[in-house]
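S.K.: Here it is: the structure, laid out below.
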Amino acid sequence: MLINWYRFSSPVSFYPLAGTGAHVFGVLAALFAGAGLFVALYAAPTDATQGDAYRIIYLHVPAAWMAMFIYLVMAGWSAAALGFNARLSAMMAQALAPTGALMAALALWTGAFWGRPTWGTYWAWDARMTSTLILLFLYLGIIALRNAIEDPRRADRACALLALVGAVNVPIIYFSVRWWNTLHQGSSISLTVAPKMAMTMVTGILVMTAAAWCYTIAVTLMRVQAIIVERERGATWLDSLIDLRRRDGIGRSSA
Amino acid sequence: MNSTDTRDIDAQRAATSPADDAADDARASVLRAFGWSLARDLRIAMRSKAELGVQLLFYVIVVSLFPLSTSPSRDVLGMLGPGVLWTAALLASLLSLPRLFASDFTDGTLEQIALSPRPLPALVSGKIAAHWLTTGLPVAVMAPLLGAQYALDGEALSMLAIALLLGTPILSLLGAIGAALTLGARGGGGLLALLVLPLYAPVLIFGAGAVDAVRAGVSASAHLSLLGAGLIVAIIAVPFAAATAVRIALD
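Order-wise, the sequence lines are chains A and B. Going by the working numbering, the first sequence opens with residue 1, and the numbers climb by one from there. Going by the working numbering, the second sequence opens with residue 1001, and the numbers climb by one from there.
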């Protein structure tokens, strides 16, 4: 069956799809998280050198991966928004930004809690930590710019441009920070701890990453729905949809 | 197209195709637009010399605060110097960014500039060049003087000036995008800082790194090459991004 994907570039037809998607991926996220946490907290063996403290890796690594990946996806939607002047693409980019910021913050937070028992410090100016911090600032900048511009369409395009400029800069920032780090920091703390991981540990990380991925999709789709409702309020299709819901609700409660 | 081509075209102007003519006109138009907006912004800047002086003083004062807050010992100052002089240069650039577009935006000039048939990226480049000549260049010239207060030796001081000469244009270029994006937005200076400072990070790393390398007795050519590469990429790409940002602001 051939599906006309362009149909879904309109908020009217995307709104119900987003609702379904949010439910499906929400359930998937819960399943993956359940399985992942079982592996992480029960099935996986205790690390020989780090003890049980290492188990935060199951949250830390997926969060760090998602923080970078979401920025990439957001830049992709931003490019589409700017190139095709597509409203829905901009809404997707807008919906992704808070989750990206959350993931970056989570990666830093869990990293600090992991670093305390293993390296003896909450924070080190490690290249990956520093670039994740800068990534968090980029996310916060995009969110702040969005909130600072009154007209949503102008905010769409301004944020899209900023996201693209940031996307060009992210690899530059990463490599500059890495190089700076090798210049400045002695080997007091070995951050290249990559002991051979047991297969269960790898599985746990991958399952938790799948959970984080599904969570991101579900939350983003929910947020897109909210953005559509906010922006399209007063549109007839939305009003009739809400009326329908309300009628259904009343019908159910009286039955 | 090189100069011989141009002369050939001049010689046989009657015989040239309209396409060649158009290309020639377009190039002249770009250069004239760049020159016009550069001259205009410089003239405006020269009419408010006090403002330029205040910005330079800001740089001097920020740099002078660090010894007060840390230590007057020469060892500590020598170690801090490159970073402090560079961070203060970032802040001075940030402080002067609103001047780039804000007043033209408020009085409607920017809209007229965008409406003109001249290419907007060229006009924006002229404004950015004027911004650098009035803010980045004075800072780069001033920095060795202040560096002497930080117990930096002659070699490190000249490297500081060279690195700032290469790096501050990148600051003006990247900052122009942020300045244009925040036109008419609420939040003002804080917002601009949040947008622009993370993008400045690589310039800071390589700029201060170049001076550090000289202090450590290593060649700084890698740092300078990277700064130069960044500058070239920024010169090519930023005018288009900044022009797009200006158009978005004028929507």
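Note that the Cβ used here is the ideal one computed from N, Cα and C, for glycine as well.
Closer than 9 Å, Cβ to any Cβ of chain A: which residues of the region 1023-1041 of chain B, in chain order?
M.R.: none
S.K.: What does A:D239 pair with, by DSSP beta-bridge criteria?
M.R.: BP columns for A:D239 are empty, so no partner.
S.K.: Do the CB positions of B:G1184 and B:A1249 come within less than 8 Å of each other?
M.R.: Cβ atoms of B:G1184 and B:A1249: closer than 8 Å.
S.K.: Could you tell me which chain B residues have their CB closer than 7 Å to the CB of A:G141, listed as they occur along the chain?
M.R.: L1194, L1195, P1198
S.K.: Counting only runs that start and end within the region 1134-1166 of chain B, where is the alpha helix (DSSP H) found for 4 or more residues in a row?
M.R.: 1137-1149
S.K.: Thinking C-beta only, is A:A18 closer than 8 Å to A:A93?
M.R.: no
S.K.: Name the chain B residues that come within less than 7 Å of A:V24, Cβ to Cβ?
M.R.: Ordered by position in chain B, no residue passes the 7 Å Cβ test against A:V24, which lies about 36 Å from the chain.
S.K.: Just the chain B side, please: which residues come within less than 8 Å of A:F137 by C-beta, in chain order?
M.R.: Residues of chain B passing the Cβ test: L1194, L1197, P1198.
S.K.: Which residues in the same chain have their Cβ closer than 7 Å to the Cβ of B:Y1200, if we skip the five residues on either side of it in sequence?
M.R.: Apart from sequence neighbours up to five positions away, the residues of its chain that approach B:Y1200 with a beta-carbon distance below 7 Å are L1090, L1171, L1174, ordered along the chain.
S.K.: Determine the contact status of B:L1160 and B:G1147, defining contact as a CB-CB distance below 8 Å.
M.R.: Against a cut-off of 8 Å, the Cβ pair of B:G1147 and B:L1160 comes out as a contact.
S.K.: Using a Cβ-Cβ cut-off of 7 Å (strictly less than) and excluding sequence neighbours within five positions of B:G1083, which residues of its own chain qualify?
M.R.: For B:G1083, where only same-chain residues beyond five positions count, the Cβ hits under 7 Å are A1208.
S.K.: Could you name the residues of the same chain whose beta carbon sits closer than 7 Å to that of B:S1093, not counting the 5 residues immediately before and after it, in chain order?
M.R.: T1135, G1136, T1168, L1171, S1172, G1175
S.K.: Taking DSSP's pairing of strands, which residues face A:D47 in a bridge?
M.R.: Bridge pairing for A:D47: A:G51 [DSSP].
S.K.: With B:L1120 as the anchor, note down where its alpha helix (DSSP H) starts and where it stops.
M.R.: 1120-1131
S.K.: Within the chosen definition, does the region 1149-1160 of chain B reach the region 1115-1126 of chain B through at least 3 CB pairs nearer than 8 Å?
M.R.: These segments do not touch.
S.K.: B:T1244 touches chain A at which residues, Cβ-Cβ below 7 Å?
M.R.: L161
S.K.: Give the list of continuous alpha helix (DSSP H) stretches no shorter than 4 residues that lie fully inside the region 1021-1084 of chain B.
M.R.: 1049-1069
S.K.: What's the C-alpha gap between A:Y54 and A:D47?
M.R.: 7 Å
S.K.: Assess contact between the region 1124-1132 of chain B and the region 1046-1066 of chain B, defined as three or more Cβ pairs (one per stretch) separated by less than 8 Å. Is contact present?
M.R.: Result no; under three Cβ-Cβ pairs closer than 8 Å.
S.K.: Is B:L1183 helix, strand or coil when you go by DSSP?
M.R.: coil
S.K.: Determine, using beta carbons only, whether A:I172 and B:P1202 come nearer to each other than 8 Å.
M.R.: yes
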